[in-house]
Amino acid sequence: MDTFDAGLAKVFESMSPHMRELGFEVVSITHGVCIAKIAYRPDFIGDPASGVLHGGIVTSLLDSAGGAAVLSAVHEPIALATLDLRIDYLRPGPPGKPILARVECYKATKHVAFTRGVAYETSDSDPIAAMTATYMLHTRIVRSAEETA
5 MDTFDAGLAK VFESMSPHMR ELGFEVVSIT HGVCIAKIAY RPDFIGDPAS
55 GVLHGGIVTS LLDSAGGAAV LSAVHEPIAL ATLDLRIDYL RPGPPGKPIL
105 ARVECYKATK HVAFTRGVAY ETSDSDPIAA MTATYMLHTR IVRSAEETA
């Protein structure tokens, strides 16, 4: 990771209480591509009989990695929001193993960024889930003290 992206990874990991609670970890982030990981935890199990993780954990991982990929692509700390998120679950992830995600921001305009990625446990060529998402950029308007008075 280069210096900017290492700093971005730390900032991104600390931004959301939800991501901190899940243990979201940025493995690498550079040039609009983010690889992130969530460790397997018993409280994340969606099916007690099989031990497979809940789909919401996979969704959170992919969506958060998508947001990080966008920030890496635009090279500035901006507010953004998920506009559209599509996830195709292809197979269950094996119990007891961490889940990784690789998401790339392949296009960013002034107001919208486009991403695609996969969740996997050992190789991104054998995905658990595939995603596409769009993010709205600059969602928060910063007002001066005079404007809010």
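Residue numbers (the working numbering): 5 to 153. Glycine included, each C-beta is placed from N, C-alpha and C at the ideal position. Source: prediction; values computed, not measured.
Its chain contains 66, 69, 70, 105, 106, 107, 108, 135 as the residues whose beta carbon lies nearer than 7 Å to that of residue 121, once the 5 sequence neighbours on both sides are disregarded; these appear in chain order. A straight-line Cα-Cα distance of about 12 Å links residue 41 and residue 33.
With fewer than three CB-CB distances shorter than 8 Å, the stretch 42 to 51 does not count as touching the stretch 77 to 90. The Cβ-Cβ distance between residue 114 and residue 141 falls below 9 Å. For residue 112, the beta-bridge partners assigned by DSSP are 117. Around the CB of residue 117, 16 or more other CB atoms lie within 10 Å, so the residue is classed as buried. Following the DSSP letters along the chain, one finds residue 90 in no alpha helix (DSSP H) but inside the beta strand (DSSP E) bounded by residues 84 to 93.
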